[in-house]
Each structure stands twice: as C-alpha cells, then as structure tokens.
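In what follows, a structure is listed as structure tokens, so that the remarks can point back to it.
There are 2 protein chains.
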Amino acid sequence: MDKATQEYVDAHLEETLDDLKRLTAQPSISAQRVGVLECAEMVAEELRGAGFEPAIMPTADPGYPVVFADSGHDSPKTLLFYNHYDVQPPDPLDEWDSPPFEPYEKDGRLYGRGISDDKGPFIARLAAIKALRATKGDLPLRVKFCLEGAEEIGSPGFHDFVARHADALKSDMCVWEGGGVNWDGRPLITLGVKGLLYVELECRAASRDSHSSYAPTVPNPAWRLIWALASLKDAGERIKLRGFYDRIRPALDEELAALRRLPDTDDEFRRDLGVEMSLGEATGFEFRRRMIMEPTANVAGVVAGYTGQGAKTILPAVARVKMDFRLVPNQDPQEVLTSLRSHLDEHGYSDVSISVLTSEHPARTPIGDPFVKVVADTARTVYGSEPYLQPSMTGTGPQYPVQEILRVPVASCGVDYPGNRIHAPNEHIRRDYFRLGVLHTAELIEALGRGV
Amino acid sequence: MDKATQEYVDAHLEETLDDLKRLTAQPSISAQRVGVLECAEMVAEELRGAGFEPAIMPTADPGYPVVFADSGHDSPKTLLFYNHYDVQPPDPLDEWDSPPFEPYEKDGRLYGRGISDDKGPFIARLAAIKALRATKGDLPLRVKFCLEGAEEIGSPGFHDFVARHADALKSDMCVWEGGGVNWDGRPLITLGVKGLLYVELECRAASRDSHSSYAPTVPNPAWRLIWALASLKDAGERIKLRGFYDRIRPALDEELAALRRLPDTDDEFRRDLGVEMSLGEATGFEFRRRMIMEPTANVAGVVAGYTGQGAKTILPAVARVKMDFRLVPNQDPQEVLTSLRSHLDEHGYSDVSISVLTSEHPARTPIGDPFVKVVADTARTVYGSEPYLQPSMTGTGPQYPVQEILRVPVASCGVDYPGNRIHAPNEHIRRDYFRLGVLHTAELIEALGRGV
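Taken in order, these protein sequences are the chains called C and R.
All residue numbers for the first sequence refer to our numbering, where the first residue is 1146 and numbers rise by one.
All residue numbers for the second sequence refer to our numbering, where the first residue is 1146 and numbers rise by one.
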C-alpha cells in the first residue's frame, strides 16, 4: 500500500487514539437516553475535524438523531459509511476492571464501553480520510457518513429515515460496522445480517395471584404458556410455525464455499461459554453453517409467579415470555408474526397476546459482487493474508433499508477481533488491529477511487 | 348449650379479644425468623393464664420450638388441640388498610396478620377452657395443646417432633386449626389435608448468559425446561408421571355424599379471582369434587433470562421452575419424587436437577368416625344449623404425623369464615363467628367429657 499514507497514519496514531478515547468517554446509552445528543455533537465535531460539514438530522424520535456528512466531491462513485454512535448500557458495572467511560490503554488494548462497538470503527475511518487528504491532497471519490443513534435499541425509525433521505444517502456501495480480523488475525469481511422479530407473549388467567391449592380449577397461565411454547418448537429444534422454512432461500454454492474456508472455532466457542455440546452435536463446518445460515426461535426470557428463595405455594395470574426469531433471506418478520398469531390461535392459545418489540428484515450482499472483490483485494494487500468472507453476521443490524432502498452492496470491514467483548464488561480494541483497520480503509478508498 | 358457660364467654369476650389483639401484635414470621421465640413465650403465658403449665420444647431447629401444654387430668379421654403460632409474612404491606401488626376492630371485624391464621383459633380455645373452669369448677377431660412455630414454612421437623414425643402427645382425638363457618354461616368441619411435594427444577446449559445470536448452536435451558414441563402434564391437565394416579384411593360414597351437601360456590369463587371459566368448565358439585379430591401439578414460578422492560437479545445460561404437587390419599410424596426423577431421565432431561423444598403426606379422617359425629352434633347445637362436613381441605398441613403416629381422628372446627383473607392483606376474623367458635369449643369439650 501507499507508503506516505501509511507513514501519516502511524505518525498520527496517538492523536487518533486520543480522539477515540475522548469520544468513548462520552456516554451515549440509547436504551437509557443518556448522553445521546451530547455524543451526536461530538461526532459532528470529529467529522468537521476531518473536513466535513455534518448535519444532525432528526429521526421520528428527536432523542436519537442521525449524524450525516457528505464530502460533496464531484465523483463517478460514492462510498457510504454506516456507523452508530450509541452504545450498550455498561451493566454489570462490577465486572469491569475500570470505569466503562474512562477509557485507558493496557498491554496494547484500549478499554471502554463503545470503543469497539462502534466508536473505534468510526474514528478509524476518519483517520484514514485525514491521512488521504493530507498525503494525496484530497479524496479520490465522494464519501458520505451516516451515524445512527439508536442501533443498540433496534434502530427504530431508521428505515423511515433512509426512505425519507434516500437522495441525500444515495451512494454506490456501503461499508458497514463490524468486521476486522478473525482469531487467527486474517481479515474477516461479513456480507449480511440476520433479520429479527422480537416479541413478548403474555397470558393472563386471573385478576390476581391465588393460592396454589386452587390449581384443580383455576387455569394457570404459566402452564398455558409452556404448552403454547412447546407447540412452537419441538425438542429437535424444529420450528413448527406454518411456512416458517418455506421462504428461506437455499444456501448458494459460493456461500457454502465461503463457509468451508472459514476456520473451525466451535471448540474455543464452547469452552468460552462452558457449553458441553453444541445443538445437533454440530462441529466444524456444520457449526458455522448453523450459526450463520439458520434461523432461530429463542426464548430470551420467561417469568411467572414466585421466583425468589424457597417455597411459596402460589398460582400465578400472569405469565410472560420474550422471544427472538433470527431470520435469514428471504424470511419476512411480518410474515413470521402473522404465522405466530395463527399458530397460537389454531392451537387454542388465543388468550396469549403478542407485542412486537423489534422487527428487522435479513439482508445479504452477494459474495460475487464486484465491490466485495475490492474490499477483499485491499484487505489481502494490507493484512498480508487471505481474507475470510462470511456470508452473514450471526446477529442483526439495519442493513435491509440500505439494500432495499439505496440498492447498494454492503460489506463489513474494520477494527474488531472476536475477543473484543462487545456488549460485555471490559469491551476493548487491540491497537494493532485498529491500525490495520485504518490502513485498510485508506487502501479501500484509494482502490474505489481508481475504479478498481 | 349450657347457659352459665355462654354467659361467662359473653361477659369476658372483650377481655378475650384484648388477649387476641395483644398476641397478634407480636410478629412471629417463621419465614423470616422474626419474633418467633418471643411469640412462643407469649403463647406460654396465655396458656398459664388458662391454668396450664406449658413447656417450650425444641425441634430440630431451635428457632422454631413447639409450645406444649397438658391439663394433666385423670380422665379416660384426652383431647389434643393443634395450633400454630407463626404467621405468614405480611407482604405486600401497601395493600393493608392499616399496619398488619397493629390489630384493630372495625364493623365487627378484627384485623391483623395471623389473627385468623392461627392466633384467633388458639385464643378461642383458651377462652372456652377458661369459661368451663370458671363455671364448672374444672375441665371434664384431659386437654393438651400443641402449638407449632413453623407451620407456614412447611412444618420442617414436626414429624420428628411428634415421633419423639409421641407419649407426651398421646391422646384420643385432635381438633385441628381451620374450620368455622361457610359463606352461608353454617358450620364447616373439615376432616383432612392434601399432601404436598414442592420442588425446584433447574436446568443449566452454559457458564454464563450469551448473545441470542448463538441460538443455532448453544442449548437453551429455558427451552429444555419448557419441553420437560410439557411432558409432565398435557394441555388436558393430565399428569403424565408414571403411576401418579394409581395409588389414589377412590372417593368413598360418604365422601361424595358429603361433597354433594356442600353449597355451590364456584360462581363467587371465579368472580373473586377474575377467572372466566374453571378448568374442565367444572361447576357445582364437580367444581367442589376437583378442588377437594383431585391432586395437582402446579407451576408456582418460573424464571429464565431477561424479564425486565423492553427487548434484550439474550440466551439464558440457566432456567428454574418451582412446582407444587398437591397429593390425595394414598399418594406418597417420596413416590411422586421418584417418579418425577424417572420421568425426566426417561424423557432425556437428566440435566434437569430437582431440589425438594417441602414434602408432606395427605391425611383424612373417616367421615363416619364417632369423634366427627360429636363435633358435628355440638356444632348443630351451637350454630343452630346443619354442619357441612368437608372430607379435606384444599390445602396442606402436618396432619399426617398426628394420624400416622398418634393414630387419632382429626377434625377442624373454629372461628374462620371463607372471607377472612388468610395469607393476604387485611386478614381478619368476624367477632360473631369468633364468639360462636368459643361456644362450640366449650360445648365440644363438655360433650367429649360426657363420653357422648
């Protein structure tokens, strides 16, 4: 890669990491509406420092604005960066080795809530842009930034925002958040997200809890929910909603080939979580295929009656369960919801209500897209090793509106590595991977500018 | 009934209710070990006031002594009174109209935690004894009192206590706690208790909660517990444990006849609880038969994962459920436990652990027992109406050791009425039913003394 750019990046790395620490020190907890607007202002300031004239644009909820910036270059191609500036709540606080909003570096790692997800990737991209502006005089193509403030709470309003501002967001390709390297240090590029339908089911059978001696005649909503749930997925993990699997696009040959090239990580994964055996005893390729390609019906939480210490002979009045369905192309969260309602009704559980908490479509960019080739080629150059292409994250993000409305290919590449503990205590980035992420971004922008 | 005794009871009723209020003002919350020993001392003092020389006798846990007293009369017959001096926790405090341990009277009702369950019945019995001693010069038979301090936490150690002190407790019949009148004011005499097996089931699948995107490969203990529970009882309320129903003694003709004579209360019951329809759409006789004669498998509580507001995409590491099985003669809690373990193992849920929190046998006294006739005849005299005989309570108490070790008939009669809200806020007794309970006890002692 370009020597001058690399030298600039290295010469300014401390400065860049100082920027990152300052931004990380600003809490921006969307779930608690803590510091979000203040952080939006800081993000805008960072963008101004890299030569942009950003706008803080409202979404349906004025508490979660999008920070948008456009380099405005007259260029045949436009690259859009998606990031978010909100972070997960830092709980549990007592499991952090130091306060989550007082970032610090130790042994080549920088710690802090949001430093990896997703402030580090944003600052890395700005650092690449600053380096190119400094060493090349200007950027070789038009660059836009779109930073969301509510990603960690399911991106409410983002779809509408993209639809309303499709002209401003117009671009030819999008670099997403996430991505970086795998456990072995080889670059990892992911090309999609799973969809999500997150619902809360509730069953109420009486106006108040009663004595469990009434169990011969009083309906127990916990039992009703247990039976309803057992009808939704069998012990072989087969999801019984009518049509649930019908719309799934079968895995493409190139997706399966990409999955085959990914390394085996299931042993390490199980050890880390203290899990004896994967579902279906899946290992190696089959473990990856399930993680990346399969939809799920997960019980995220369930509660009814007395859950404290010891015995209390109670018959609960109400029972609740939180469920998330992860969806893969071409499943549709609205269809799954309709099917869930029908299933419950047909199985005699019309008394079980459904509230939708989050809904997001799955999205994937074809592995064969020319943009993916540029991302992979530049990664190979910078990292000096063959990149992994992962057809999808196992998780969810609002890629669908970008693909559906802007109709552009999307790839994740950045500064992460699998050990960085996003959403968990002691979230961190590694300095070496951060530096490589900056260099890769600069190389990618250059390559896209050359029309490679 | 005897005029002099009645006049004495009425003349001393205020004094008696003052004693009751004083005893009720002393918290004795066994679940929290609050005031239990202090209350035992007060109970002993009350017994001394009625001419006894009580002993405070330790059980296996010295925090929960039994208060025992024996009138010591040289008599062919001995009557044992069972009561308990501990009370349920007063929570939820904010639903009480006044502080639970500051008893007061309003509109003929006396309010306070434990005033009905079970301090009122105890004081009523003492009042009857004082009246007989005052008007007759002495008691016509030997009377013993046994007051437990841990009934509300499942009577741990009571079985052992009865076995160890069988000689001291030796008697010919036992008047239990509970009993009084039904909604219509006619006396209600109950002749048994259901057994109880209270267990906590736990399933753990990982060392910590993880991200729900891992659901394709990480076992979810909430799902496992849901499937295990669904295998235990079907949606038709049939309990699937092998042999669960085999040992149940079929209802006797006289039990069914007694059930038929009980009034219909299911409409009122459902209205009170806000329940639309009873299980099996049971009404009238069938409603009573189920409540009194059927065993249950109840989910008292279940918890796993995230149960707070909003969405959290988590895959729980552990799931727990609390279950109580109410048992009827001749079911055995140990057999049910063994069957539960086998069932889980055979259905592939060896990873679901079982902890036993409470275990109690069912017990019933035959309706045709001569003692029951005396209780009923004296109730008819005092209340002026035909008594109801209920073959069993719907709930549980430690009658089994009394029947099994002391081998005596047991009947509940006392001062309660169905509206007195035991275990709930605003627990109370009615002054008129309390007075009738005192009179009935005196009449019963007299009759037993006459050898009727």
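The beta-carbon is built from N, C-alpha and C at its ideal position, and this holds for glycine as well.
- Here Asp1412 (chain R) carries a helix assignment [DSSP, helix/strand/coil].
- Secondary structure of Glu1160 (chain C) (DSSP, three-state): helix.
- Using beta-carbon distances, Glu1439 (chain C) counts as an interface residue toward chain R, with a partner under 8 Å.
- Interface with chain C (8 Å Cβ-Cβ cutoff): Leu1502 (chain R) is included.
- Less than 8 Å separates the beta-carbon of Thr1280 (chain C) from that of Thr1150 (chain C).
- Across the set R:Asp1262, R:Ala1200 and R:Asp1206, the C-alpha of R:Asp1262 shows the shortest separation from the C-alpha of Asn1571 (chain R).
- Asp1469 (chain C) and Tyr1494 (chain R) have their C-alpha atoms some 24 Å from each other.
- When the beta-carbon positions are compared, Thr1510 (chain C) and Leu1336 (chain C) come within less than 8 Å of each other.
- Taking the C-beta atoms as reference points, Ala1445 (chain C) is found no nearer than 8 Å to Asp1305 (chain C).
- When the alpha-carbon of Glu1247 (chain C) is set against those of C:Gln1171, C:Glu1505, C:Met1146 and C:Gln1233, the nearest one is in C:Gln1171.
- By the criterion of at least three beta-carbon pairs nearer than 8 Å, the stretch 1286-1304 of chain R is not in contact with the stretch 1527-1534 of chain R.
- Sixteen is the threshold: when 16 or more other Cβ atoms of the shown chains lie within 10 Å of the Cβ of Arg1369 (chain C), as they do, the residue is buried.
- Thr1526 (chain C): member of the alpha helix (DSSP H) spanning Pro1515 to Tyr1528, first to last residue.
- Within chain R, Gly1446, Val1447, Val1448, Arg1465 and Lys1467 have C-beta atoms less than 8 Å from the C-beta of Thr1452 (chain C), given in sequence order.
- Here DSSP, grouped into helix, strand and coil, assigns Phe1306 (chain C) to helix.
- Judged by DSSP in its simplified three-state form, Gly1253 (chain C) adopts coil rather than helix or strand.
- Distance from the CA atom of Pro1366 (chain C) to the CA atom of Cys1348 (chain C), rounded to whole angstroms, is 5 Å.
- By the rule that beta-carbons nearer than 8 Å mark a contact, Val1520 (chain R) does not touch chain C.
- Of all C-beta pairs linking the stretch 1319-1338 of chain R to the stretch 1556-1564 of chain R, three or more are shorter than 8 Å, placing the two stretches in contact.
- In the structure shown, Cys1319 (chain C) falls within a strand segment according to DSSP collapsed to helix, strand and coil.
- The stretch 1436-1451 of chain C makes contact with the stretch 1369-1387 of chain C, as at least three CB pairs between them are under 8 Å.
- Excluding five sequence positions before and after Ser1352 (chain R), the CB atoms of its chain that fall closer than 8 Å to its own CB belong to Ala1462, given in chain order.
- With a 10 Å radius around the Cβ and a threshold of 16 neighbouring Cβ atoms, Trp1328 (chain C) comes out exposed.
- Against Gly1337 (chain C), chain R offers no close residue; the least beta-carbon distance is about 13 Å (beta-carbon pairs closer than 8 Å).
- Only exposed fits Ser1243 (chain R), as fewer than 16 other CB atoms lie within 10 angstroms of its CB.
- The beta carbon of Phe1430 (chain R) sits no closer than 8 Å to any beta carbon of chain C.
- By the neighbour-count definition (other C-beta atoms within 10 Å, threshold 16), Ser1500 (chain R) is an exposed residue.
- Assignment of beta-bridge partners to Ile1384 (chain C) by DSSP yields C:Lys1378.
- Listed along chain R, the residues sitting closer than 7 Å to Trp1372 (chain C) by beta-carbon distance are Ala1375 and Ala1380.
- Secondary structure of Phe1246 (chain R) (DSSP, three-state): coil.
- Counting along the chain, Phe1197 (chain R) sits inside no beta strand (DSSP E), nor does DSSP assign it H or E at all.
- Remark: fewer than three beta-carbon pairs, one from each stretch, lie closer than 8 Å, so the stretch 1581-1595 of chain C and the stretch 1221-1236 of chain R are not flagged as touching.
- Proximity of Thr1204 (chain R) to chain C, defined by a Cβ-Cβ separation below 8 Å, is not satisfied.
- For the 8 Å CB-CB criterion, Ala1214 (chain R) and Pro1199 (chain R) form a contact.
- The DSSP-derived three-state label of Phe1579 (chain R) is helix.
- The three-state secondary structure of Ser1175 (chain C), taken from DSSP, is helix.
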